[in-house]
Amino acid sequence: MSLPDLVLYDEEFRKIKESLNRLASDANANVVFLVDKNGQQIAAVGDLQSLDTTSLASLTAGNVAATDGLARLIGEKEFSILFHEGERDNIHISIVAQRVILVVIFDERTSLGLVRLRVRRAMAELEKIFEEIAGKAEKEKQALQADFDSPFAEITDEDIDRLFSE
Amino acid sequence: MTFINYAAREINCKIVYYGPGLCGKTTNLQYVYDRTNPAAKGKLISLATETDRTLFFDFLPLDLGTVKGFKTRFHLYTVPGQVFYDASRKLILKGVDGVVFVADSQEARLEANVESIRNLDKNLKEQGYDIATVPYVLQFNKRDLPTALPADEMYRRLNIKREPTFEAVATTGAGVFDTLKAVARQVLMDLKKR
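Those sequence lines, one after another, are chains A and B. At position 97 of the first sequence the residue is numbered 117 (this note's numbering), and the sequence of numbers has no breaks. At position 141 of the second sequence the residue is numbered 257 (this note's numbering), and the sequence of numbers has no breaks.
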């Protein structure tokens with residue numbers, strides 16, 4: 021496989037959550053979440069009860085992928101910010117470290133200007149965290165190439181059969 | 117790209133259903149959706165045209181249970197099969213962990229199947245994958261049609277690396293879960309190797 025797995029450990033996960041929480045409260049946003057470019061949700065904070073975050077993650081990634089395709093067609097590398105304005109709620113999407121997508125959902129209790137300002141600060145924080153993650157993954161790869169302690173090393177056929185037993 | 121979240125003890129894998137237009141990729145997903153316990157599935161999202169042709173993708177998140185203490189979530193995607201949606205197909209293959217190729221058994225669609233496999237090979241390469249090593253399962257769909265080719269003839273023309281092959285009738289569900297299980301098995305076994 022060409023791409024390395026994204027592996028997230030507790031420490032970074034906590035840092036990401038902290039950063040997202042800060043962004044949500046500073047920008048007065050309803051929901052803030054982070055998705056990787058393949059549509060996997062990494063973390064989400066805010067008023068998530070009424071929200072189907074899995075679908076949201078997948079559609080956001082599809083949206084960003086399609087927009088990336090458009091960008092390349094006209095000779096741009098990417099459109100780093102997307103903004104969708106609704107009657108009540110709005111979605112602000114930005115790309116962090118070229119690999120993850122930061123999504124902020126907000127309503128009239130705040131403004132696009134404030135959201136953009138706070139997003140910029142959060143992006144700097146998140147970029148640093150993802151650099152750490154990439155560095156850690158790289159180190160681990162080198163150090164443990166031979167015997168990486170994967171929890172999946174012991175998967176058996178029975179484990180897989182059990183998944184489909186219902 | 118499998119995403120392993122040690123913090124939430126979750127593992128996410130992406131499976132893509134590929135194949136020529138109208139071969140039954142969406143029908144496969146629809147059947148899985150209909151037959152899965154509501155607690156284990158999310159919404160089935162279809163980005164389709166007004167005539168129900170897939171425009172961008174269908175998406176179905178599935179929680180299969182735990183393996184070694186990790187919650188396994190499979191994200192099932194379909195691509196739009198029609199030839200001119202190639203740009204969209206490439207996007208959906210990004211980060212794929214396993215591919216199901218759904219072949220249309222009708223004699224008249226044999227060339228379309230061959231062409232679509234060629235297209236899959238090319239698009240996988242562009243994303244840095246090799247069809248020879250990526251977890252891959254073949255399904256012969258629409259076995260119930262009178263115009264269906266004999267399975268062994270299809271096998272000769274379409275099977276490329278002795279991948280597990282299943283006969284199916286996606287509208288009634290025959291073979292649908294066998295196919296999914298086979299690709300899930302390969303994806304999880306693939307994790308073990310790395």
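Just so it is clear, CB atoms sit at the ideal spot from N, CA and C, and this is done for glycine as well. Fair warning: this is a prediction, and the values are worked out from it, not measured in the lab.
| Item | Value |
| --- | --- |
| Paired residues, beta bridge with B/T188 - DSSP | B/I127 and B/G181 |
| Within the region 69 to 129 of chain A, ranges of the alpha helix (DSSP H) (whole runs, at least 4 residues) | 73 to 93 |
| Contact list for B/K141 against chain A, beta-carbon separation under 8 angstroms | The contacting residues do not exist; B/K141 stays about 16 angstroms from chain A at best. |
| Chain-ordered neighbours of B/P177 on chain A, where CB pairs are closer than 8 angstroms | T74, S75 and S78 |
| Where B/Y245 falls: helix, strand or coil (DSSP) | coil |
| Backbone secondary structure at A/S131 - three-state DSSP | coil |
| Opposing strand residues paired with B/L254 [DSSP bridges] | B/F217 and B/T281 |
| Residues near A/D56 by beta carbon distance below 8 angstroms, same chain, minus five either side | L26, I62, A81, R119, V120 and I121 |
| Span of the alpha helix (DSSP H) around A/L183 | D177 to L183 |
| Inter-stretch contact at 8 angstroms, needing at least 3 Cβ pairs: the region 65 to 76 of chain A / the region 149 to 166 of chain B | yes |
| Beta-carbon neighbours of B/Y318, restricted to chain A and to distances below 8 angstroms | The structure shown does not extend to residue 318 of chain B, since chain B is modelled only from 117 to 310, so the question has no answer here. |
| Chain A contact residues for B/A123, given Cβ-Cβ distances below 7 angstroms | L28, Y29, D30 and F33 |
| Neighbour-count burial assignment, A/R129, 16 or more Cβ in a 10 Å radius | exposed |
| Residue interval of the alpha helix (DSSP H) (run including B/A300) | V292 to K309 |
| Straight-line Cα distance separating B/Y133 from A/E178 | 25 angstroms |
| CA-to-CA distance, B/M305 to A/A173, given in whole angstroms | 9 angstroms |
| Straight-line Cα distance separating B/L163 from A/N41 | 32 angstroms |
| Residue-chain proximity (A/N110, chain B), Cβ-Cβ < 9 angstroms | no |
| Helix, strand or coil at B/A224 according to DSSP, with G and I counted as helix | helix |
| Proximal residues of chain A, C-beta to C-beta of B/F293 below 9 angstroms | F184 |
| When A/E98, A/S78 and A/L79 are compared against A/T87, the one with the closest alpha-carbon | A/E98 |
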